[in-house]
Structures are given as structure tokens and as C-alpha cells.
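Number 232 in my numbering belongs to position 231 of the sequence shown; there are no gaps in the numbering. Glycine is no exception: its CB is placed at the ideal position from the N, C-alpha and C atoms. This one's a predicted model, so the numbers in the text were calculated from it and none came from an experiment.
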Amino acid sequence: MNYRRLGNSGLRLSELSFGSWVTFHNQVDDKLALECMTAAYDAGVNFFDNAEAYALGMSETIMGQVLKKAGWRRSSYVISTKFFWGLNDGPNEKNRLSRKYLMEAIDGSLKRLQMDYVDLIFCHRADPETPIEETVRAMHDIITQGKALYWGTSEWSADSILQAWHIADKYSLHKPQMEQPHYNMLHRDRVEKEYARLYKEIGLGATIWSPLASGLLTGKYNDGIPTDSRAALKGYEWLQENVITPQRIEIVKNLAPIAKDLGCSMAQLAIAWCLKNPNVSTVITGASRVAQVHDNMKALQFVEKITPDVMERIEKVLGNKPK
């Protein structure tokens, strides 16, 4: 395993990390979660990603139980959580980044995770109804209270991230250190174009999610929707409508010969491709089986095999390189 700095911070994250979105509770119980996280940890993974809204809090609960049972040194791993969607429907409990919401949300997450602090906290989406300064000050106070170590954003616009950073800079508050954006071969503009100036200007780190485009880039949807796949889960019908399109499936089929020539799977090619971007701090992977964890980790072996010539072949198939 190789490790990269989280932006310009002193924190080092494993190039591949492990996230619990969708799988924990929905597809993975406590026993399997322990097995998957242990397989990742043994492979050198030191960053485990979560969010309060994943499985309505159950994802955090399961991860907390796993970490307690595993008994790993607290200093040997990094844990994140994210706030915005909420677990209840009250006017101050859902889709908010207000001070009240954030100060209560961190306490709820820590209780479910059975931790004194988490390493990274993210504003899971932007809140147009809360002044950015209010959010920045609340995130600063959470860190000052010792409940988190770094804060950042997820799916914020570059302008909003810069605004938050400048507010923090002006008032000597803890600055946003990282962004968690959607990034893969089929979804590139924000990470490669919109955020381009932020990596050097403010030292932004990127903990990217969905490197496999919700499984599409593995090729498993090339011939239909498997009954045990994420797209078959109740509540994820949007994957079939917006992600698994005939045009995208055709692209995946055309990438297959490149993966074959490299001697890797489609999933390993997709993950290795993300790691070729030097601005990516870590690639968050997910798994519902231990075998998937092992297969994902093998992607590290193929990063160097994506030479300029291979990248040119990939670009010709994708046809979506941001200008």
C-alpha cells in the first residue's frame, strides 16, 4: 500500500480506502463488515469512510461495533463521517448545515461510532439556506472541541469551497482541507476542471467516491441487472435510469480489451485509472464480499502499467476528457 498526503495537510491516507455507503446494513451485516474491514486493514488501508445518513445511522453503528471488536490502535486508522441529510424530518434536523444541526450531529455520530473523536468530518452537501460563515464557524468549533481533526466538503462548487476557505482565513478559523467528490472514468469535469485551481491555491485534498460508477465499470451490468447487485436494491432505481445507460454500457464494453491486455479486471482498471490523477488523495472503495476487497486492492499493481500510450487508448474510448 502507498500513502498520499490529504492535500497540503500532514495527514497521510492509504491510496485505497474503504467506504460503507449502501453496503453496510443493506447488504453487509456485522460479521461480514468485520471480515471486509479486516481484509482492507490487513492490506494497508488506514482510512474508513462513513456518514450519518448511510442506512439511517446503522452504518455508523456497525462500523463502531467492528472497530471495537477489532481492537486496532486508534492512531493506526482514520475515520470520517458526513453531515447534512439527517436522520429525522424536523425543520432543523434535515438537509441542514446550521450551527444547531452540526453541533448535535457530531454528538450523534460519535455515540453511534463509540468514539471520542473522528478524524475527518464533511459537509455532505451545500446548504443554500445557511450562511457559509455560520457553517465554517460550527465546523471550526467541532474541531476546537476535539471532536474532529479536519473538516471538508462533499459535492460543493469550487466557488463555495473558496468562499468557505477565505472566511476561515480571514477570521483565523480551521480551513476546509478536503472535498469528497464523485469521480470516475465517466464523471470527470468537477475533479479535473472545476477544482483544478484549488489543489495548488488552497491545498485541497480529494477523497473520491464511486470509482466504479456504482458498479457499471466492472462490466457486471453489460447483460442486464443481476438480482444481487446494488441496482436491484429497493430505493436505488435511479441507478438504472441515470447511470446504467446503453451508451455507457457500450463504453464499458470497449474498455474491456484494454483491461485484458493489461491482465487486470475492469474494476481494477477503473480504480487504477483514478489513482493516475495526482490530485486524488485516496480512492474510496466498497465491497459486499471479502473477495471484492482483495480484488480491489490488486488494482495497485496496475497503476504503473497505465502508461501514456495506454492512457491514450483509454481516452479514445471515453471521449470525455475535460478541456
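C-alpha gap between residue i and residue j, whole angstroms
i	j	result
leucine 263	alanine 207	27 angstroms
valine 253	glycine 109	41 angstroms
aspartate 224	glutamate 16	31 angstroms
arginine 75	methionine 38	15 angstroms
glycine 8	glycine 204	5 angstroms
aspartate 310	serine 81	37 angstroms
histidine 188	arginine 249	11 angstroms
glutamate 313	leucine 35	40 angstroms
glutamine 28	serine 289	6 angstroms
lysine 324	arginine 198	14 angstroms
glutamate 251	serine 173	50 angstroms
aspartate 142	leucine 111	15 angstroms
phenylalanine 85	isoleucine 245	27 angstroms
glutamate 94	glycine 87	6 angstroms
methionine 2	isoleucine 209	17 angstroms
Helix, strand or coil at residue i according to DSSP, with G and I counted as helix
i	result
threonine 39	helix
proline 129	coil
tyrosine 172	coil
leucine 98	coil
lysine 322	coil
arginine 74	coil
glycine 325	Any question about residue 325 goes unanswered here, given that the chain covers just 2 to 324.
aspartate 160	helix
Proximity of residue i and residue j at Cβ, strictly below 9 angstroms
i	j	result
lysine 171	cysteine 124	no
proline 177	tryptophan 152	yes
threonine 131	serine 161	no
phenylalanine 48	threonine 283	yes
alanine 273	alanine 300	yes
threonine 1	leucine 103	This structure does not reach residue 1, given that the chain is present from 2 up to 324, and the question cannot be answered.
arginine 6	threonine 62	no
valine 192	asparagine 297	no
methionine 140	alanine 127	no
alanine 106	glutamate 180	no
valine 119	leucine 12	no
leucine 256	isoleucine 307	no
Identity of the residues DSSP links to residue i by a beta bridge
i	result
lysine 306	Paired residue(s): none; lysine 306 is not in a bridge.
leucine 14	Arg5
cysteine 124	Phe84, Thr154
alanine 149	Val119
valine 79	Phe48
Start-end ranges of the alpha helix (DSSP H) lying completely within the region 174-249, minimum 4 residues = 197-202
task = Output the residue ranges of the beta strand (DSSP E) runs that lie fully inside the region 269-303 and measure 3 residues or longer, sorted by chain position.
result = Every unbroken stretch of the beta strand (DSSP E) spanning 3 or more residues and falling wholly within the region 269-303 is given here in chain order: 283-286.
ask   = Curious, which full-length alpha helix (DSSP H) runs of at least 4 residues does the region 17-72 contain?
value = List check, alpha helix (DSSP H) in window: 31-43, 59-71.
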